[in-house]
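Notes to accompany the following structure.
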């Protein structure tokens, strides 16, 4: 068959002789099936042409036909294998079918070529993709693993050099061209595939069929892959250690850089922020503004303190790893970072304490100032108390106010002293400068506030003393007025008692004299009461002049006192006259009515009888006359019954005297008759 007749078919390369031979020195015929539909006629023509090329001697060794079915469907593969039976059954000794992944498991179970050998006339071996594509996988693995191995050796050897070389190498890219994990995985999969194929071949021989024998390349690939894997694992282990060391150095350098950033900021801008904040303010609002500014500074510091916490945890983790070569350096970094952060935190806390104490000092000063203003307002206001109880309440309120001011001033002194003590210790937190000038201004302000409050408190105390004296005088004034009114009431009660209870005139001269003595004492009591009331009213006048005020009761108390006293004087005089007349009456009557035996025959003068009669009638007449007061009003002693009882006693005495007189007259008449 001439080639030019089927040249268009040959150009399609439906089959070809590659020139390779199998172990039996047989030629290898390759049929690469494609995705397009393959024409069996054209394939048959191509096979006829290709089989006509070798000599008969070569044909006698038999052909190994490779059917590449990776890009074709299984029915076409099956058709091609059956076609080989019809076209060249004698020349074919082995047919190798290359199947695609997952193709054989699904499609070939219904037709097994190795069971059809007797019928087909040749052996059919189904190869997976690896049989022909495995070479490319092996070559790719060999190339990648060799290149990776060389790179890892160079990297690991550089790590053993001097520190300078380490530093230079750390600056360069230490990543190899291929991923070691991927290459190792590929090698393990390749080695596993080779071992599995060899194992499957040995099992096929044990099953009674023709044993599959791996080719020489496959036999040589397995130890080569194992050797490459061993070397690669060894170098990769070293490379991992190199990466770990470099990562540790990189982490250490990164930590060192961050530590220096934190330390430099704290000792630079952070310290400068605190250096500019030294005042305490002159009021609550000013101290609050300073506290707000300090909170902003603390907020900025808190961000760096958070970095410090994170760095400290990282350093602690590295220290726990136990690498002695970096132990001293890590501890030094940790100590440097901790010193800077604790020093700055102490300065922040000290400044916060200063501002808090200053705020409390200003609050106490403002509260004390308000209390002093309120006390001064009370002292400057006019006082018009209604009575002594109101004055006592006002005095109590003043004392409470003054006591509260004293407590607030004492609290201000204590808080000021605390603030001064804190500022005196600021030298150790002076941020490298002399703070005596700034502190002097703050100290002068604190002393000025305390001295000003002390002076204001002293002025208020002086005014409280004056107000207290005035209040006490007003209390005395009200007390005098009340006592004077009480004296008037007492005098009125004495007058009432004199009129209603001092009625009896006595049954004899002795009893009447006793009543007269009691009356004089009663009058003395009334006189002392009147004098006491007069003295109280005179004291009221003096107090009013001292206080420059007029009272509401002193104007009518004195007239009332004088009016009652005059009434009492008139009544007591009347009572005394009646008692004196009663004494004269009883004395005269008793001289006449003596019953002594020696005086039985004693004759009484007529004048004595007339005296008794005259005094008795006069006394009876006086009992019927009321007491006439200076204002024209009248008042009787006792009730009418009391007056009748006293008059009846006098009349009985007068009756006895009259009887005595009749007896004497009869006796005289009898004596005259005897003489005549």
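Residue numbers (the UniProt record's numbering): 1 to 676. Beta carbons are placed, not taken as given, at the ideal position from N, Cα and C, and that holds for glycine.
Residue i vs residue j beta-carbon contact at 7 Å
{"i": "residue 231", "j": "residue 152", "result": "no"}
{"i": "residue 87", "j": "residue 44", "result": "yes"}
{"i": "residue 375", "j": "residue 412", "result": "no"}
{"i": "residue 466", "j": "residue 391", "result": "no"}
{"i": "residue 315", "j": "residue 327", "result": "no"}
{"i": "residue 333", "j": "residue 259", "result": "yes"}
{"i": "residue 557", "j": "residue 608", "result": "no"}
{"i": "residue 287", "j": "residue 358", "result": "yes"}
{"i": "residue 229", "j": "residue 187", "result": "yes"}
{"i": "residue 623", "j": "residue 654", "result": "no"}
{"i": "residue 93", "j": "residue 69", "result": "no"}
{"i": "residue 569", "j": "residue 498", "result": "no"}
{"i": "residue 416", "j": "residue 446", "result": "yes"}
{"i": "residue 31", "j": "residue 67", "result": "yes"}
{"i": "residue 513", "j": "residue 592", "result": "no"}
{"i": "residue 371", "j": "residue 424", "result": "no"}
{"i": "residue 463", "j": "residue 395", "result": "no"}
{"i": "residue 266", "j": "residue 340", "result": "yes"}
{"i": "residue 363", "j": "residue 284", "result": "yes"}
{"i": "residue 646", "j": "residue 505", "result": "yes"}
{"i": "residue 482", "j": "residue 540", "result": "no"}
{"i": "residue 586", "j": "residue 509", "result": "yes"}
{"i": "residue 262", "j": "residue 307", "result": "yes"}
{"i": "residue 543", "j": "residue 486", "result": "no"}
{"i": "residue 65", "j": "residue 27", "result": "no"}
{"i": "residue 453", "j": "residue 409", "result": "yes"}
{"i": "residue 348", "j": "residue 298", "result": "yes"}
{"i": "residue 492", "j": "residue 606", "result": "no"}
{"i": "residue 516", "j": "residue 579", "result": "yes"}
{"i": "residue 567", "j": "residue 662", "result": "no"}
{"i": "residue 337", "j": "residue 291", "result": "no"}
{"i": "residue 344", "j": "residue 407", "result": "no"}
{"i": "residue 711", "j": "residue 14", "result": "Residue 711 falls outside the range modelled here, since the chain spans only 1 to 676, and no answer is possible."}
{"i": "residue 190", "j": "residue 137", "result": "yes"}
{"i": "residue 488", "j": "residue 548", "result": "no"}
Helix, strand or coil at residue i according to DSSP, with G and I counted as helix
{"i": "residue 73", "result": "coil"}
{"i": "residue 63", "result": "strand"}
{"i": "residue 333", "result": "helix"}
{"i": "residue 52", "result": "coil"}
{"i": "residue 422", "result": "helix"}
{"i": "residue 189", "result": "helix"}
{"i": "residue 381", "result": "coil"}
{"i": "residue 255", "result": "helix"}
{"i": "residue 533", "result": "helix"}
{"i": "residue 505", "result": "coil"}
{"i": "residue 548", "result": "coil"}
{"i": "residue 204", "result": "Reliability fails at residue 204, whose pLDDT of 48 lies under 50, so the model's placement of it is uncertain and the value that follows must be treated cautiously. Helix, per DSSP."}
{"i": "residue 178", "result": "coil"}
{"i": "residue 146", "result": "helix"}
{"i": "residue 593", "result": "coil"}
{"i": "residue 614", "result": "helix"}
{"i": "residue 605", "result": "coil"}
{"i": "residue 569", "result": "helix"}
{"i": "residue 430", "result": "In this predicted model, residue 430 has a pLDDT of only 49, less than 50, meaning its place in the structure is not dependable enough to derive any value."}
{"i": "residue 369", "result": "helix"}
{"i": "residue 38", "result": "coil"}
{"i": "residue 2", "result": "coil"}
{"i": "residue 676", "result": "coil"}
Strand pairing of residue i, partner residues [DSSP]
{"i": "residue 16", "result": "30"}
{"i": "residue 635", "result": "627"}
{"i": "residue 21", "result": "27"}
{"i": "residue 92", "result": "63"}
Distance between beta carbons of residue j and residue i, contact taken as under 8 Å
{"i": "residue 503", "j": "residue 618", "result": "Rounded, the Cβ-Cβ distance is 18 Å, inconsistent with contact."}
{"i": "residue 627", "j": "residue 574", "result": "5 Å"}
{"i": "residue 456", "j": "residue 398", "result": "At roughly 16 Å, the Cβ-Cβ gap does not stay under 8 Å, so residue 456 and residue 398 are not in contact."}
{"i": "residue 274", "j": "residue 351", "result": "6 Å"}
Any non-hydrogen atom of the ligand NAP within 6 Å of residue i CB
{"i": "residue 656", "result": "This structure simply doesn't include the ligand NAP, nor any ligand for that matter."}
Q: With a floor of 4 residues, list each alpha helix (DSSP H) that falls wholly inside the stretch 258-304, ordered by position along the chain.
A: 271-275
Q) Which whole runs of the alpha helix (DSSP H) in the stretch 213-251 are 4 residues long or more, in chain order? A) none
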